[in-house]
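Residue numbers (our numbering): 2 to 159.
Given below as structure tokens:
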């Protein structure tokens with residue numbers, strides 16, 4: 002787990018910025034998200050399969066909640082960037098993302114898939130909660146990607 006200690010130390014300052022409700026500066030948040038994205042990307046480029054599997058635990062303990070909070074953030078750019086991070090993880094972890102990250106937490110309020118689908122629903126005034134078309138599209142693309150993978154697993158299972 003030494004690799005994760007190092008990753009956590011480098012990501013920790015950026016997590017602090019994302020978690021701090023007093024930080025309203027969009028550029029700071031975007032910079033932190035960009036750095037987290039780069040660090041995760043570098044990790045995947047240099048890690049083996051076992052390290053990738055262990056990444057799920059690291060992600061759940063350190064990144065899952067801050068990123069999920071940003072799905073509902075007021076800054077569109079932050080929400081889009083969080084989805085970009087999830088796409089990166091999905092691309093590199095394949096089914097591990099489904100099994101160990103997205104569906105591991107069963108409580109609705111902190112389940113990533115529930116948060117995303119909630120953004121696509123209508124409120125009591127029949128107004129779509131997520132008004133931004135580009136964010137809705139990213140959410141739908143992500144959900145389509147994971148559902149397609151899940152369908153392929155189901156079809157190919159004995």
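Every residue, glycine too, gets a C-beta built ideally from N, C-alpha and C.
1. With distances taken between CB atoms, is the gap from residue 82 to residue 40 smaller than 8 Å?
2. Looking at C-alpha atoms only, which residue of 117, 27, 33 and 37 is the closest neighbour of residue 90?
3. Measuring only the C-alpha atoms, how far is residue 23 from residue 12?
4. What distance in whole Å lies between the Cβ atoms of residue 33 and residue 15, which are believed to be in contact at a cut-off of 8 Å?
5. Between the beta-carbon of residue 60 and the beta-carbon of residue 93, is there less than 8 Å?
6. Looking at the structure shown, is residue 19 part of a helix, part of a strand, or coil, going by DSSP?
7. Between the Cα of residue 35 and the Cα atoms of 17, 67 and 86, which residue gives the shortest distance?
8. How many angstroms separate the CA atom of residue 142 from the CA atom of residue 64?
9. Kindly indicate which residue of 49, 19, 27 and 18 has the alpha-carbon position closest to the one of residue 77.
Let me lay it out:
1. no
2. 37
3. About 19 Å.
4. 4 Å
5. no
6. helix
7. 86
8. 21 Å
9. 27
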